[in-house]
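Chains as they are written, first to last, in the working numbering: chain S, 5 to 380; chain R, 416 to 694.
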């Protein structure tokens with residue numbers, strides 16, 4: 005462990021490098037700029053590649069290309085650029101190309117309020133790309149978590165051969181705080197599955213039983229076809245219903261089969277709480293302060309901080325609902341993750357929302373006021 | 416003949432079901448034959464070649480050939496190619512796009528890839544139309560031409576793809592037509608050898624979506640049009656402006672030397688290594 009004073013965006017850079025990222029392609033946009041700056045400075049020194057592309061579509065295209073050539077690759081952006089990347093998030097999903105996209109959320113819609121915090125891209129991260137597709141979305145709420153979850157984003161993308169989104173917000177991205185980062189030997193890294201059979205026996209999209217086919221790099225001697233068309237297990241386009249449906253289902257199942265392991269969230273003071281808050285990102289910080297203050301005033305309030313937004317951590321959330329009279333979901337949007345909470349609630353408890361779209365940070369006082377209103 | 420046929424078979428995927436998806440009379444297959452013969456002569460092994468295509472009729476080429484192949488999104492093939500070439504510079508990267516693919520939706524990627532001078536052999540098969548989607552006008556459709564989306568005639572000026580490539584910084588620019596099979600094959604060979612971003616425009620015919628609206632009902636007629644309306648750059652030198660009116664120049668249009676992006680990146684890394692070493 006080393007303790008440092010770091011900015012959230014800088015921690016994402018350090019996390020990516022610690023995960024083995026050797027390729028970054030990006031396009032300038034605030035409040036994600038420091039990630040791009042950090043990669044532009046570090047990667048050439050370390051023998052890696054940084055390239056500034058002509059737009060965000062091109063950035064993710066280059067990232068996917070680099071990943072097909074064997075590199076761990078990443079890009080970073082904010083809302084408007086994230087919208088442009090959706091085309092290639094969809095491609096990475098169907099072609100099963102590992103890649104990491106960091107979206108530092110800022111106020112929207114459109115150009116909105118740049119460099120002010122928001123959580124308006126939750127559903128864009130889940131459903132922004134065309135076509136029915138699985139996605140993994142992680143949400144850090146501290147500088148240390150920016151480091152940790154960027155590494156985990158690479159690990160998950162390699163393990164499942166899928167794009168992984170890291171959703172931070174302007175407040176987490178730009179704040180500086182003390183962060184204890186693990187040393188390299190304490191970090192576990194995951195690499196994509198590689199074929200063990202000789203090229204002449206290799207069938208590129210055959211399910212080896214794990215749901216995740218082996219992935220050779222271009223130039224390794226395993227000549228195969230990669231396409232955004234639905235393909236058979238040899239990689240060739242197919243429109244046969246008996247091949248299309250199993251393929252799409254495998255894309256989902258390769259992740260959903262590990263659903264129990266993917267319940268990434270942390271609970272605070274939930275042993276005896278009847279009013280529980282579910283929050284993520286910078287709002288989770290304000291929520292924890294509010295919970296502590298409410299406890300000091302004798303109220304039995306707890307918090308579940310979501311670290312993984314999608315697949316939505318239903319098990320953990322419903323478990324908390326069993327012991328809750330009320331769930332409060334504060335968010336810096338008009339109600340996005342609260343839709344997921346309400347979807348899984350099914351009458352277990354009362355679900356209340358607190359929505360702030362001033363594109364300013366949610367304060368502990370605002371959450372505390374709501375707690376007092378609901379608790380009384 | 417026999418020899419030529421076998422050369423192509425060596426590079427086609429035996430596991431992929433034929434026939435191809437291209438219509439009878441399409442020029443893409445003639446181009447593909449020339450491409451494979453040129454690759455065979457180039458000395459590159461199948462494992463060294465990455466063939467990347469966009470979306471459209473020409474985009475399907477990648478499915479049939481036995482290389483590392485990548486069928487990308489519409490217009491964005493060059494962005495994927497950029498990532499592959501930078502991450503694994505030892506690979507020979509070939510990108511094949513159509514006219515709408517390369518200079519409409521992919522126009523921005525096209526000019527910036529040329530500007531960067533990343534070593535990619537880029538081939539644009541220009542049939543002046545969006546074929547797969549039903550014959551809509553493309554940025555290469557001639558003025559006043561009737562298409563599915565210009566039923567009263569095209570109001571837009573077409574791009575000269577080669578001039579665009581050269582102005583954007585391509586170090587090698589050439590044009591041929593599928594009628595000129597042998598010269599086309601030689602030009603592909605030259606483009607493959609070129610260090611840097613090279614662009615080869617191939618005039619091709621789409622009798623189904625373009626020809627029937629243009630009053631050229633058969634592929635043969637359209638190929639005769641290619642024969643009668645193209646002139647080599649060498650021959651063009653001896654012709655007057657009057658004689659050249661309406662003629663399309665074929666052959667090598669630009670050829671220069673310039674450092675590639677990869678070379679600049681390598682020297683940057685070397686200098687950084689020295690700096691780090693000196694500390």
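In this text, a Cβ means the ideal position worked out from N, Cα and C, and glycines have one as well.
- Looking at the DSSP output, residue 486 of chain R sits in a beta bridge with S/231, R/468.
- Around residue 495 of chain R, the beta-carbon contacts reaching into chain S at under 8 angstroms are 65, 66, 68, 69, 72.
- At a beta-carbon threshold of 8 angstroms, the residues of chain S lying near residue 505 of chain R are 223, ordered along the chain.
- Taking a C-beta cut-off of 9 angstroms against chain R, the contacting residues of the segment 19-31 of chain S are 26, 27, 29, listed in chain order.
- Residues 218 of the same chain have their beta carbon placed closer than 6 angstroms to that of residue 198 of chain S, with the five preceding and five following residues left out of the count.
- Residue 9 of chain S and residue 180 of chain S do touch by the CB rule: their CB atoms are close to 6 angstroms apart, below 8 angstroms.
- Residue 191 of chain S and residue 359 of chain S have their C-alpha atoms spaced approximately 37 angstroms apart.
- With a 10 Å radius around the Cβ and a threshold of 16 neighbouring Cβ atoms, residue 690 of chain R comes out exposed.
- Annotation for residue 577 of chain R: the continuous alpha helix (DSSP H) segment containing it runs 576-583.
- Between the alpha carbons of residue 664 of chain R and residue 458 of chain R lies a gap of roughly 29 angstroms.
- The three-state reading of DSSP puts residue 179 of chain S in coil, since its state is none of H, G, I, E or B.
- Listed along chain R, no residue sits closer than 9 angstroms to residue 204 of chain S by beta-carbon distance, the nearest being about 11 angstroms off.
- Annotation note: the segment 525-590 of chain R contains the following uninterrupted beta strand (DSSP E) runs of length 3 or greater, listed N- to C-terminal: 536-541.
- Ranked by how close their Cα comes to the Cα of residue 510 of chain R, the residues R/534, R/653, R/519 have R/534 in first place.
- CA-CA distance, residue 34 of chain S to residue 120 of chain S, rounds to 10 angstroms.
- With a beta-carbon spacing of about 16 angstroms, residue 135 of chain S and residue 87 of chain S fall beyond the 8 angstroms limit used to define contacts.
- Put simply, the backbone Cα of residue 17 of chain S is about 38 angstroms away from that of residue 248 of chain S.
- Among the CB atoms of chain R, none fall inside 7 angstroms of the CB of residue 343 of chain S.
- The C-alpha of residue 437 of chain R lies about 49 angstroms from the C-alpha of residue 337 of chain S.
- For residue 658 of chain R, there are no CB contacts under 8 angstroms within the same chain when 5 residues up- and downstream are skipped.
- For residue 462 of chain R, the residues of chain S that pass the 7 angstroms Cβ criterion are 223, 225, 227, in the order they occur in the chain.
- Residue S/111 holds the alpha-carbon nearest to the alpha-carbon of residue 364 of chain S among S/300, S/111, S/158, S/146.
- Relative to the Cα of residue 235 of chain S, the nearest Cα in the group S/222, S/223, S/221, S/255 belongs to S/255.
- Taking a 10 Å sphere around the C-beta of residue 240 of chain S, we find 16 or more other C-beta atoms and assign the residue as buried.
- Linking residue 485 of chain R to residue 325 of chain S through their CA atoms gives a straight-line distance of about 47 angstroms.
- Under the three-state reduction of DSSP output, residue 319 of chain S falls in the helix class.
- Residue 495 of chain R is bridged by DSSP to nothing; it lacks a bridge partner.
- The beta carbons of residue 54 of chain S and residue 70 of chain S sit no closer together than 7 angstroms.
- Rounded to the nearest whole angstrom, the CA to CA distance from residue 517 of chain R to residue 443 of chain R is 16 angstroms.
- Sequence-ordered contacts of the segment 627-652 of chain R with chain S are nonexistent [C-beta pairs closer than 8 angstroms].
- Between the segment 312-329 of chain S and the segment 290-300 of chain S, the count of Cβ pairs shorter than 8 angstroms is below three; the stretches do not touch.
- Per DSSP, the continuous alpha helix (DSSP H) segment holding residue 253 of chain S begins and ends at 245-260.
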